[in-house]
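Sequence positions in the sequence shown follow my numbering and run 550 to 1424. Built from N, CA and C at the ideal position, the CB exists for glycine as well. Note that this is a predicted model, so its numbers are computed, not measured.
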Amino acid sequence: MAGRVLTPSCSTRERFDETLSTHPDDFLAFFSRFEAKGEGALQRHQILAEFEAIPAESRTKLRDGAFGEVLKSTQEAIVSSPWVALAVRPRPGVWEHIRVNVRALVLEELEVAEYLHFKEELADGSLNPDFEPFTATFGRPTLSTSIGNGVEYIRRSLSDKLFRDKESWYPLLEFLQVHSYKGKNMMVNARIQNVFSLQPVLRKAVDYLTPLKPETPYSEFEHKLQEIGLEQGWGDTAERVLDMIQLLLDLLMVPNPGALEKFLGRIPMVFDVVIVSPHGYFAQDNVLGYPDSGGQVVYILDQVRALETEMLHRIKQQGLDITPRILIITRLLPDAVGTTCGQRLEKVFGTEHSHILRIPFRDEKGIIREWISQFELWPYMERFAEDVAKELAGELQRKPDLIIGNYSDGNIVASLLAQKLDVTQCTIAHALEKIKYPESDIYWKKFEEKHHFSCQFTADLIAMNHTDFIITSTSHEIAGSEDTLGQYESYMNFTLPGLYRVVQGINIFDPKFNIVSPGADMSIYFPYTDQKRWLKSFQPEIEELLFSNVENKEHLYLLKEKNKPIIFTMARLDCIKNLTGLVEWYGKNPKLRELANLVVVAGDRRKDSKDLEEQAEMKKMYDLIEKYKLNGQCRWISFQMNRVRNGELYRYICDTKGVFVQPAIYEAFGLTVVEAMTCGLPTFATCNGGPAEIIVHGESGFHIDPYCGDQAARLLVEFFEKCKTDLSYWDKISKGAMQRIEEKYTWKIYSEKLLNLTAVYGFSKYVSKFDQLESRRYLEMFYATTYRPLAQSGSPSCRKRKRSTLEVLKGRNLLTWTPVLKWINFSLFLQAQFGSPRCHTNQDMNNCRKRKHSRLKVFKPLFLLIYFLFALYIL
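See below:
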């Protein structure tokens, strides 16, 4: 170790300078290829392809030199001759931007705004949304290892602030005092009026409870505790109450972040939960495989069952007689024949107190009866949120304790509800479309008619900045990997030319991010080795699906050699899932066709699809099967909606020593990956997204690059050939898959984590409510001036008049009158600079709060006047 030397890291500019000085000709050979391609944007895989196309000698010099690290970190190139601008990501969440004049070999470093401006010139942004001034109340961590573990930082900050002295206990005491359920007090009553009496009361309770038998029910000493100031909620037995009280006493004496989370998690806080998922066909039967109806439906139903179980368990241990409620809010579809999507209230199977509550979309003419694509529903979201709020008031008779949004539409509705009801909000993206469609920001106009990304990306920005905490299934969703961009990271800065330029959208180091991975329903997806649990009654149906010589709308094409292993895939039929890509990889590789059959479960030929993308992929599937003459080696089965039988199907594929392939261009998590691995089926899944984290390559499965189909096919060939020579190899990967799931991906772990996060972030929201006023006003203005006009531009009335998004905004002078945009930015700047202060340092909490009130008194009238005048102009 004595000879080891630490060298300072070099900036991108320094690496470029070094490469230019040592290998100018090779550098020029590479960058000239960009200029030759003409103006445009290149993604990472395209950049690497261009690099592989230069002479081998030049490749070696550049890769082995200082430029090699830059090349590995480059995510995007913008070409506008003679300039090439690069977005370089040395590590997750850290970006550098540089521009090269290919002809003069001149380098320039660019700020984010300069890079975005250069990028805009490709398409044709005056407003500059920047959420950076509204930092988290407790600051944010800076180490990459902290990404996705925000609760650790929050609980540490809370512990430091709230337990310095007795005065600093006030927020915790107030938090305990406000807890009640339908008018009945919990935790403490009016006898404890200040922090100075809290500790003595707790010690009295300990003295009284210690001699009691541990199993003594709460009812036998309830009145005694009430007399000294303690109400129900501490526990159901003497042992649990004593443990809870001792936990708080220890916290007051020796603050500990872990103990704080444990204490908050045991406070009775969550009785009514609302889960919002408007789009698609949301039901428990006969909807999987319908447009916009896939993994998210399964995820939420499994989530609800696990959450209700954990809530009932906690409520019992808290000594309360309260019935929890979970409501899944979705759209009521009057014309959804063959499903229950037209039924207002539907009980969730396997639960006692959870229901699906369906509310229709409405416009000025009344209820919208027909299905609407997830990309077309933005005009209805605001009114839908208002209708949901009214229905919740009737169903629950109180405010919910937690609102969970799902996907972009559910998250914007959840944000509106959380703001209106002042409720803790949790956001789950599932999949952010921005990263799934390369260049959907810079060329948003090209996508606008079909996808309305301008509205969706704006809704995403508002929701992720409004929410109290965000949960993701993997860290990859937040920050990606060394080679690939994270979903949320793609919102750090981007531009929609002609609309706005996002200088800082979301910071992936924000402590609101937490990784909470779901699992598979273990009653359905259990290991194939558990032979006693196999549902043998399904085997004739499964063999009919796979091997029948009959071709119809449910199963098409035949498998001639039925003894071969099966390459199995199952997903929605859309271009992102890339199932047609897998068919092409298989068709082009004779060796793979010799080793295994291909079975694709996707689409539904039993009915006419209304989804244009599905129609296009279905035609492509037919064409590929005919082109490569796959009949005899490939079976195409319509999507199967019976989840229980699907679980048995996975295990049947295991019996053939087959594999599961998930070839998506991008997959946020990969529920089918977890299902397959839970059953013990060796899995090959995309390296872009969550599966890259779920699977340990070579141990519990394999990563494949959807952009390198030939390479993926060769990996499959190598696997099947190795299984032939080493009969234990298939079992080794199968066992690795099952072990990986058991350790990290179960619904029990998920539900415990989610409720603990709700407790910590709910408490954090309570103690920092004054700090959030600034960002709330910023978001309200961004919503009113940008999101609402964009949503209205997609309404049927606008479409009939053929008014584009830009025309709607211009109609309100939001894009054509520069002084107005400057006024918005100026008012937002005032809000950020002179709003209520935040107590980041170890100052006395009460003094800090007094300063907040005094500064609000001065600033609030000024900002409200600005806001009012601008609102008048807009209206």
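**Study point:** T561 vs E645 beta-carbon contact at 7 Å
**Key:** yes
Exercise for review: Would you tell me roughly how many angstroms separate the C-alpha atoms of F820 and N960, rounded to the nearest one?
Suggested key: 21 Å
Check your understanding: What does DSSP give as the partner residues of E658 in its beta bridges?
Key -> I647
Check your understanding: My guess is that W920 and K1159 are in contact by the Cβ rule of under 8 Å, so how many angstroms apart are they, rounded?
Key -> 6 Å
Review point. Y1171: buried (16+ other C-beta within 10 angstroms of its C-beta) or exposed?
Key: exposed
Point to revise | Proximity to Y986 [Cα-Cα], best of H979, F996, N1014 | key: F996
Exercise for review: In the DSSP assignment, find the alpha helix (DSSP H) that holds D792 and state where it starts and stops.
Suggested key: 787 to 802
Review point. Mind checking H1025: buried by the 16 CB within 10 Å criterion, or exposed?
Key: buried
Exercise for review: Express the C-alpha separation of R704 and E657 in angstroms, rounding to a whole number.
Suggested key: 42 Å
Practice item. Report the three-state DSSP secondary structure of Y1215 (helix, strand or coil). Key: coil
Review point. Leaving out five residues before and five after E670 in sequence, what residues of the same chain have Cβ atoms less than 7 Å from its Cβ?
Key: S629
Point to revise | Extent of the continuous alpha helix (DSSP H) to which G954 belongs | key: Where G954 is concerned, there is no enclosing alpha helix (DSSP H), although the beta strand (DSSP E) it sits in stretches over 951 to 955.
Check your understanding: In chain order, what residues of the same chain have a beta carbon less than 6 Å from the beta carbon of L965, not counting five sequence neighbours either side?
Key -> A934
Review point. Touching or not, the segment 660 to 670 and the segment 1027 to 1039, by the rule of three or more beta carbon pairs under 8 Å?
Key: no
**Study point:** Under the three-state DSSP convention, the category F1331 falls into
**Key:** helix
Practice item. Please report how far the alpha carbon of F565 lies from the alpha carbon of R648, in whole angstroms. Key: 10 Å
Practice item. Could you please give me the residues that DSSP links to P766 through a beta bridge? Key: T786
Review point. Using a threshold of 6 Å, is the CB atom of G1247 nearer than that to any non-hydrogen atom of the ligand ZN?
Key: No copy of the ligand ZN occurs in the structure displayed, which carries no ligand at all.
Practice item. Since I believe Q1182 is in contact with L1147 (beta carbons under 8 Å), could you give me their beta-carbon distance rounded to a whole number of angstroms? Key: 6 Å
Review point. Counting along the chain, where does the beta strand (DSSP E) carrying C975 start and finish?
Key: 973 to 977
Practice item. Report back the beta-carbon spacing between A626 and L654 to the nearest angstrom; my notes put them in contact at under 8 Å. Key: Contact flag wrong, Cβ pair sits at about 16 Å.
**Study point:** Start-end ranges of the alpha helix (DSSP H) lying completely within the segment 1176 to 1236, minimum 4 residues
**Key:** 1192 to 1204, 1220 to 1228
Check your understanding: Looking only at C-alpha atoms, which of M802, M818, L800 sits nearest to Q781?
Key -> M818
Review point. Which residue's Cα is closest to the Cα of V643: V822, D851, Y992, I1057?
Key: I1057
Review point. What residue range is occupied by the uninterrupted alpha helix (DSSP H) comprising T568?
Key: 561 to 571
Point to revise | Beta-ladder partner(s) of D821, from DSSP | key: R874
Review point. How is R880 classed by DSSP in three states: helix, strand or coil?
Key: strand
Point to revise | Residue from S581, D574, I905, F583 whose Cα sits closest to the Cα of E606 | key: D574
Check your understanding: Rounded to whole angstroms, how far is the Cβ of E1166 from the Cβ of C1124, which I believe are closer than 8 Å?
Key -> 6 Å
Point to revise | Integer Cβ distance of D1059 from G838, believed to fall under 8 Å | key: Not confirmed; about 36 Å, so no contact.
Exercise for review: Return the first residue and the last residue of the beta strand (DSSP E) that A1286 is part of.
Suggested key: Taken as a continuous stretch (DSSP letters only), A1286 belongs to no beta strand (DSSP E), being part of the alpha helix (DSSP H) at 1278 to 1293.
**Study point:** Cβ neighbour criterion (16 or more within 10 Å) applied to E563
**Key:** exposed
Review point. Can you tell me where the beta strand (DSSP E) with R638 in it begins and where it stops?
Key: 632 to 640
Practice item. Using only alpha-carbon positions, find the residue among G617, N1127, R1121, E1110 that is nearest to A1145. Key: E1110
**Study point:** Between the CA atoms of L856 and F1018 - distance to the nearest angstrom
**Key:** 17 Å
Point to revise | L1034 (DSSP reduced to helix, strand or coil) | key: coil
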